[in-house]
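Sequential numbering from 604 applies to the sequence shown in my numbering.
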Amino acid sequence: MRTLPLFLLAAPALLAQGLTVHVEFESSVLLGPLHYYAEISGGTSSMPGRRVPIDDDAVDFQDVSPGVNTLRIIDRNGATVMAQPFQADRGAGPLHITIPAGPAPEKPPSGAVSLYRLEHPFKRKTIREMQAAMKYLQQHDDARAMEHLEKALALDPHLPEAHSWQGALYLRQGDLARADQEVQTALGQGLRDASLFVNLGVLQVLKHDAGGAARYAAEALRLQPANPQAKQLMQRLRAKPS
């Protein structure tokens, strides 16, 4: 089974030992599970893919690099709601974030409400399985993360974030057929996330479809201009001789 270079995958990166940052949230909008995500990058090393769902009033980030970092709040469509720089130091108190009011989180860019999600709200057990999967992804335990993603999808197959993460994990394992199936399912279920489009682009590279890969990389950069994997993929495509 082939193992793909990790620098191309929009999955959790290896992190150096660092600090724990406790982030507390306030918002006039619903901070429901899988509606908004928090992501930290900066310091001495970036942390692409360390995106955790905001399903409570607080989130703990482990192994944050000392120094200036940026906390981003991202909606389920991959759009950045806000970005706030902060200084990470040992002994620092909690980071307090006020999320600005915006469009209803269940509405994709088209403005169409998901009828499926209105008729089938998230079950508490599904939320717990996704929380467990995110925890193990942060700990780089791909096997356990996959177990919980599979359990979440058994409870609710219309869970594009879970399909996207499964695609990323299969891609890391070199299982291209299953990776392609999962990311296409996530795309078909309406997920519009920069990491998803990066992985779609990587799959096109492996299929020797440079044009398709460039289109996916461009869409990832449109959604998240600072996405490091998307930038790296586009640079690689531009540097490749025709």
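Heads up, the beta-carbon is just placed ideally off N, CA and C, and yes, glycines get one too. Nothing here was measured: the structure is a model prediction, and the numbers come from that model.
Using the Cβ count rule (16 or more neighbours within 10 Å means buried), how would you classify residue i?
i: His-811; result: exposed
i: Val-662; result: buried
i: Thr-701; result: exposed
i: Gln-832; result: buried
i: Arg-654; result: buried
i: Leu-799; result: buried
i: Pro-763; result: buried
i: Asp-692; result: exposed
i: Ser-668; result: buried
i: Pro-656; result: buried
i: Gln-827; result: buried
i: Arg-841; result: exposed
i: Leu-633; result: Residue placement at Leu-633 is flagged as unreliable, the pLDDT there being 44, under the threshold of 50; a coordinate-derived value is accordingly withheld.
i: Arg-605; result: For Arg-605, the pLDDT reaches just 41, beneath the cut-off of 50, and the residue's location in the model is therefore unreliable, although a value from the coordinates is still provided. Answer is exposed; the Cβ neighbour count stays below 16.
i: Ala-746; result: exposed
Would a C-beta distance cut-off of 7 Å place residue i and residue j closer than the cut-off?
i: His-751; j: Glu-732; result: yes
i: Val-626; j: Leu-698; result: yes
i: Gln-665; j: Thr-729; result: no
i: Met-749; j: Leu-774; result: no
i: Val-765; j: Ala-755; result: Before going further, note that residue 765 is Ala rather than Val in the sequence given. Yes.
i: Thr-673; j: Ala-686; result: yes
i: Ala-820; j: Leu-836; result: yes
i: Val-801; j: Ala-829; result: no
i: Leu-758; j: Lys-726; result: yes
Check the C-beta distance from residue i over to residue j and give it rounded, since I have them as a contact under 8 Å.
i: Leu-806; j: Asp-783; result: 5 Å
i: Val-786; j: Gly-770; result: 4 Å
i: Val-684; j: Asp-678; result: 6 Å
i: Ser-767; j: Asp-796; result: 6 Å
Entirely within the stretch 778-811 and at least 3 residues each: give me those beta strand (DSSP E) ranges in chain order. none
Taking the runs of the alpha helix (DSSP H) that are 4 residues or longer, which of them lie wholly in the stretch 752-780? 763-776
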